[in-house]
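Protein sequences, first through last, are from chains U and W. Sequential numbering from 7 applies to the first sequence in this note's numbering. Sequential numbering from 758 applies to the second sequence in this note's numbering. Let me begin by presenting the structure, written as structure tokens, before commenting on it.
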Amino acid sequence: MAKPAASPRQSDESATKDIPWLDADKKYSLGIEAGKIVCRNPAGKKLTSVPKELKESELAEQLSALCEWLADHRTECLRRVEMWMLRSLPVPCDVVRALWPDPDWRDMLRNLVVTTADAQGNAAQTGLLRDVDPKKGIGVVDRDGETQWIAAPQMLIPHPILIDGLDDLREIAADMEFSQAIEQIFRPIFAASAEQKEMSLLMDYSNGKFEQLNFASSLCRRLGYPVRGGYACSKVWENAKPVEARFWIGDDFPEGETYTGELIFVDSDQKPQKIADVGRVTFSEGVRMASQIYAKRKVEKDEGGEA
Amino acid sequence: MSTTTVQLEAGGLVAAKAKVDENAAEQLVARTYLHPALGNRAVIRLASDRLGQAEDLAMEFLGFAAPKISGPIAWQQRRSLGFAAWALINDPKNARFALDMVKRMKGAARLAKSKPGHAWDAYSEMAKDLGRSARHFLPPFWEEAGRTFKDIGNQTYAGRALNKSLEAERVHALESDRARRRDVVLEFVLSGCVSGSALSEYGDDLQNHYPPAEAYAIFRDLCVRRTRGGMAPWATLPKDLLKLAKAAKRDCDQEIESFLEELIEAPAMGRAPHPFWKACSGACKRITARSPAFAVALLRHTRPETRYYGESKLGAWFEMLEEWGVIEYLWEDRLRGAPPLDEPIAVWFGRVVCDEVPAPKRTLEMLEKLAPRLKKEKTPLGLAIRRRYGVSTIDIDVLEACFGLGVQVDDPPAEFEVTFAGWLSADVDHPLRNQDVVKSWRDERFKSAIYRGLDEALTCRGGTVQRGYRQSNLEQRPFALAAGDRPGICEVWRMHAEEIFASLEGSGLASFEVARERLEATLWPDTLRLFPDLAERLQRVDAAAMLRRTLQAGVFDEYGLPAFEKIVDDGKIKISPDRYGDTNLHLTFPNIAVSDKVHETVVGSDDKVRKHELRLPKKSQLAALVAIGDDLAVIYRDDQYRGHFFWASDPAQQYDSPG
């Protein structure tokens, strides 16, 4: 799931000094730690919770709005970088350099497999993005585990299904404990079977029950799939053409129960495409969307556990 | 299209030095913001250069300081503008009124998720202020409000806000940016925030604001894109569209035909409501006459909906297909150069068959005509599909007809039934209705289900039965009349009767009672007339012998374990049998263990009684007693719900037990 994990901000939690405190009423101070508001009393001790009176102050309101906004900002960064990957869009290295100082952008970009590309967009070198330096350019760890500095005008973030020798890179990432904020090399990938290629719709994820359509649509929102006309949509650009995967989740009353339906792929004219004609990334992403939504269906007989 | 244009259109970024169409693209800068509460952690926004001021204001609301701005770093496609940005670009002189609102709007947007009503009130308040200061900002203002609701999935308020925006334009007779307006309406329409009736009104709006030809072009474009975007056309769409077409002095017939042909492949057309098709009926007929592809597309859209009550909607749909001349494309694949159906006809027809049981006349007719194609394609026909709830049911006539016509039938699901309801129908409306049942019951896959169906059918004495909630009733004939003396049905009928007789002859009192009731419900004078030997056999059934057998085997009340009864009486133990484990009676053949709070007692089959003191740790609960040999395993759960057990002979030695 492409959900941003909380970024590791202050490493030492007890280090209250590291938090930039803002003065609040009665000599108390407020600050933000790991995405939450924290409070310090006049004696300089960090409190376990924020006193009610302070919580309702204007400063606290602003800080909590800031916390929410920061979470949104992180999601926005994620969606943007993910889009670059899903649509195989080259990213000017100037942009990467400009964004790198922001920890949220950096978290999203770091450890992604990138291929540097020349001005025509042809791939040259592949490696895991480790660092960006205004002078040296883009620092990657290549397949041999060597660090390389590359000065290129733009880079590509390839979709895993397009990466040759994915296993090597997975191994390197695992060995060096590089983790990715955006699922790339460990992203579930799906390739169409010969049988599926003959079809124009997949029913493998149909009949998944949701007690309310609301539950299904808010799940889609969480996962970042817009819902249109009863379908969850995932739009991918491949070979310079937009193709959209659509997974039926129903369009009846929001409070009514609903069942998932077919997964189809439509071109910009909305004509359903034969799966053989659908690009590899599009197919993989479409099935990933359907499987993610289907995975959260209500299972009638839950054996033990959550129920 | 050049690579750059494609990349921009796909949402990509192009190097700042690249040559791009500057009307369609905008330059991006990185704005680095710092916040006192975040120390030196920088927040970097990728923002369009021309809209930087609006971004800064939004950030200021959160307490960020003025940013450090980089030089241009890339190009991106121009995006639709937010409220403040729109004001800055379009009316810089009055922009301050809009910018004043930015903070308040941010505040309302925060409310929108948890308290949409309060947020709405806040927006209304702001709209009042704007109405006084700069009312030409109202349309984009409401748009922005609507977008906020739309993004959190509150379609009701989103639609309402869009209406306000359109209304503001109307009421204040504002000059509107048409292209932008069109995009905005489309954006909301595609997220499902605008109802069909609101769109009808929007059509009227267009008529008032634009020259007829343009109004029609805009509306048509909206309808096309909406349908392509996956929304089913609304019922009065043809009417609304043609009203504008007429005003634009277009040929209405031609317009609706081109509209339909353009869109027929869109998946959303499969969900268009009945009145929509009814209104397009003439056009469909004309198109079908010249375009086989259109006919096949209509067949592809023939998808029965799951329904929980009410009549099947297929009847009316097929009537229309018939009228338009689409049906003939069903009997033969690729008729007159039509494209293929894209799925085996058996799969397509299977859905139709399963949609209505008992089968209407239409299903039987279609089956007969489709038989050659079904046989040629060789995909077995599924007569029962796994359903979400309830049991799927097969009409006996359809099943028998498949065997009769040589159509392969797919394996039924694990649970299914066969019904004679249509077979019994008083109105024999088709030669395949009420067939003699000859072949189907010889297929092992269906045999027992047909048997059960027959048992039910034999109880039918004629009259009216209900088919389902909100469905018309079904008139049935008495079974004997429907069956006649045809050999096939008589053979199964006879087997059914024989089975009951066998039960009467060989059982004890309890089963005898059951069999007698069955017989009473299913016996017809005709049973005895048709099968004279069975009549004789019935007369020979000896109730006295049955009673003797029963008494010899022992009456239930005679069974008992005196030792067990004694300890229950003596110890005043209350037996609480319970299926969900909360019981004090534990049966391990041939022993019975029973417990009260103090003791556990084991009674053997030889009347031997062993009594142990029940010693459980505090707050534990007895789970089971298992008598093994001379010993007794005591299984219990502690307060953490973990399982333990010990042997009654050695309570000190505790073991862990799973669950």
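Positions of the beta carbon are idealized from the N, C-alpha and C atoms, including for glycine.
- At the C-beta level, W:V859 and W:F818 come within 8 Å of one another.
- Here DSSP, grouped into helix, strand and coil, assigns W:G1400 to strand.
- Across the structure, W:D1364 and W:K1323 are spaced so that their CA atoms are roughly 10 Å apart.
- According to the DSSP assignment, W:V1053 belongs to the alpha helix (DSSP H) that extends over P1049 to R1057.
- At a C-beta separation below 9 Å, W:I1142 has no neighbours in chain U, since its nearest C-beta there lies roughly 11 Å away.
- In chain order, L95 and P96 make up the part of chain U whose C-beta sits under 8 Å from the C-beta of W:Q764.
- From the listed residues W:I826, W:A1267 and W:V1185, the smallest Cα separation to W:I801 is found for W:I826.
- If you compare the alpha carbons of W:Y973, W:R983 and W:V981 with that of W:L999, the shortest gap goes to W:Y973.
- Contact between the stretch 203-214 of chain U and the stretch 256-266 of chain U is present, with at least three C-beta pairs closer than 8 Å.
- Taking U:R286 as the centre and dropping the five residues before and after it, the same chain places the C-beta of I167 closer than 6 Å to its C-beta, in chain order.
- Here the alpha carbons of W:D1184 and W:E1232 stand approximately 8 Å from one another.
- Within its own chain, the residues whose Cβ lies closer than 6 Å to the Cβ of U:I270, once the five positions on either side in sequence are excluded, are L207, R252 and P278, listed in chain order.
- The beta carbon of U:K277 falls within 8 Å of a beta carbon belonging to chain W, placing the residue at that interface.
- Residue burial annotation: U:V272 is buried, with at least 16 other C-beta atoms found within 10 angstroms of its C-beta.
- Three or more pairs of CB atoms, one per stretch, sit closer than 8 Å, so the stretch 83-94 of chain U contacts the stretch 155-163 of chain U.
- Residue environment: U:T153 is assigned as exposed (fewer than 16 neighbouring CB atoms within 10 Å of its CB, all protein chains considered).
- DSSP, reduced to helix, strand and coil, places W:R1372 outside both helices and strands of the structure shown, so it counts as coil.
- Where W:Y1316 is concerned, there is no enclosing beta strand (DSSP E), because DSSP gives it neither an H nor an E.
- Annotation for U:F289: the continuous alpha helix (DSSP H) segment containing it runs R286 to A301.
- Here DSSP, grouped into helix, strand and coil, assigns W:T993 to coil.
- Taking a Cβ-Cβ threshold of 9 Å, the residues of chain U close to W:E1022 are D275, Q276, K277 and P278, in chain order.
- Residue pairing by DSSP places W:D1413 opposite W:H1401 in a beta bridge.
- Under the Cβ distance rule, W:M1077 does not count among the residues neighbouring chain U, no pair being separated by less than 8 Å.
- Relative to W:E1248, the option among W:L791, W:R1234 and W:D1193 whose CA is nearest is W:D1193.
- One alpha carbon belongs to W:S1264, the other to W:G1139, and they sit about 40 Å apart.
- With a cutoff of 8 Å on beta-carbon distance, W:G1082 and W:T1045 are scored as near each other.
- As a beta-bridge residue in DSSP terms, W:I826 pairs with W:R788.
- Annotated three-state conformation of W:Q964 is helix, per DSSP.
- W:G1161 places its beta carbon less than 8 Å from that of W:K1196.
- Counting along the chain, W:E1174 sits inside the beta strand (DSSP E) bounded by residues F1173 to T1176.
- Not a single CB atom of chain W sits nearer than 8 Å to the CB of U:A282.
- Linking W:I909 to U:L84 through their CA atoms gives a straight-line distance of about 18 Å.
- Distance between W:E1315 and W:D1326, taken at the CA atoms: about 18 Å.
- Between the beta-carbon of W:A811 and that of W:A842 there is about 4 Å, and that keeps the pair under the 8 Å contact cut.
- Rounded to the nearest whole angstrom, the CA to CA distance from W:E1201 to W:L1211 is 16 Å.
- Taking one beta carbon from each stretch, the stretch 844-860 of chain W and the stretch 56-71 of chain U have fewer than 3 pairs nearer than 8 Å; the two do not touch.
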